[in-house]
Amino acid sequence: MSDTAAGVTTTDKPIKVNKWETNAVKNALDDACKKYFKETLNFAEDYKLMDGRLYISFIACLFSGYALIYDWLNPFPKSRSILILCVIAYFILMGILTFYMQFIERGKFYAGKLVDRAGVDPVSRCTVSSKLKKYDDKYQLTLDYNDGTDKTSKSLKKSIGNYFDENGVLCYDRFTADIRKMYDEARLNARKAK
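First residue of the sequence shown: 1, per this note's numbering; consecutive thereafter.
Pasting the structure below:
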């Protein structure tokens with residue numbers, strides 16, 4: 001959608017959030033980071049990490065759907081053992097999903113890859129995770145960079161006041177300047193390691 005009279009697209013509107021709502025602030029910063037990697041650095045998003053969560057959830061839904069259909073075709077006394085099996089499987093899968101989100105994803109909201117068009121360099125991969133505790137103003141951003149041979153990790157911990165003005169509008173240029181600095185340092189460290 002665009003406003004043709006003014007020539008301004010709706011995507012160019014500044015991001016405004018309630019600066020006292022921690023989740024809204026974190027999501028706005030995470031989305032701005034994703035946008036920067038996709039549009040400015042030309043990374044293609046890699047959905048493998050998020051697909052793992054979807055596969056586990058899909059299998060759990062299959063168990064619950066099977067239990068529902070089986071119970072409808074064979075009313076309760078006959079379907080007791082199948083219902084017990086499906087309920088146990090569902091709860092085990094929810095435990096696996098919780099473990100996956102806590103220890104494998106660990107707050108990662110973006111994974112991307114940059115393919116060298118000439119085909120000379122290996123695929124570069126970036127994974128970005130963030131933390132913002134409730135009632136805390138310190139936003140922590142961690143960038144894991146892998147250039148195909150070496151891995152480097154860089155972290156940034158700053159107050160959200162550096163990125164939002166008094167009205168809750170995101171200062172995109174300030175935020176992306178810090179991301180660019182982290183990204184450049186990670187690439188430089190990966191090259192030094194070679």
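For glycine and all other residues, C-beta sits at the position ideal for the given N, C-alpha and C. These numbers were taken from a predicted model, which means no experiment stands behind them.
According to DSSP, is residue i helix, strand or coil?
i: Gly112; result: strand
i: Asn252; result: Outside the shown range of the chain (1 to 194) lies residue 252, about which nothing can therefore be said.
i: Tyr172; result: helix
i: Arg180; result: helix
i: Lys26; result: helix
i: Lys13; result: coil
i: Val87; result: helix
i: Tyr135; result: coil
i: Arg204; result: Here the chain comprises residues numbered 1 to 194, so residue 204 is not present and cannot be evaluated.
Flag this pair as yes or no: are the beta carbons of residue i and residue j separated by less than 8 Å?
i: Gln140; j: Lys151; result: no
i: Tyr110; j: Ile56; result: no
i: Ser124; j: Lys113; result: yes
i: Leu93; j: Ala60; result: yes
i: Asp121; j: Ala190; result: no
i: Glu185; j: Lys154; result: yes
i: Val17; j: Gly168; result: yes
i: Tyr172; j: Ala24; result: no
i: Lys157; j: Lys138; result: yes
i: Ile82; j: Tyr90; result: no
Taking residue i as part of the beta strand (DSSP E), name the residues at either end of that continuous run.
i: Lys154; result: 151-159
i: Arg125; result: 124-131
i: Gln140; result: 138-146
Pull up the DSSP beta-bridge partners for residue i, would you.
i: Glu39; result: DSSP lists no partner for Glu39.
i: Ala44; result: Lys113
i: Phe164; result: Leu170
Which word fits residue i, buried or exposed, when buried means at least 16 other C-beta atoms lie within 10 angstroms of its C-beta?
i: Tyr145; result: buried
i: Ala67; result: buried
i: Lys13; result: exposed
i: Tyr36; result: buried
i: Ile179; result: buried
i: Lys181; result: exposed
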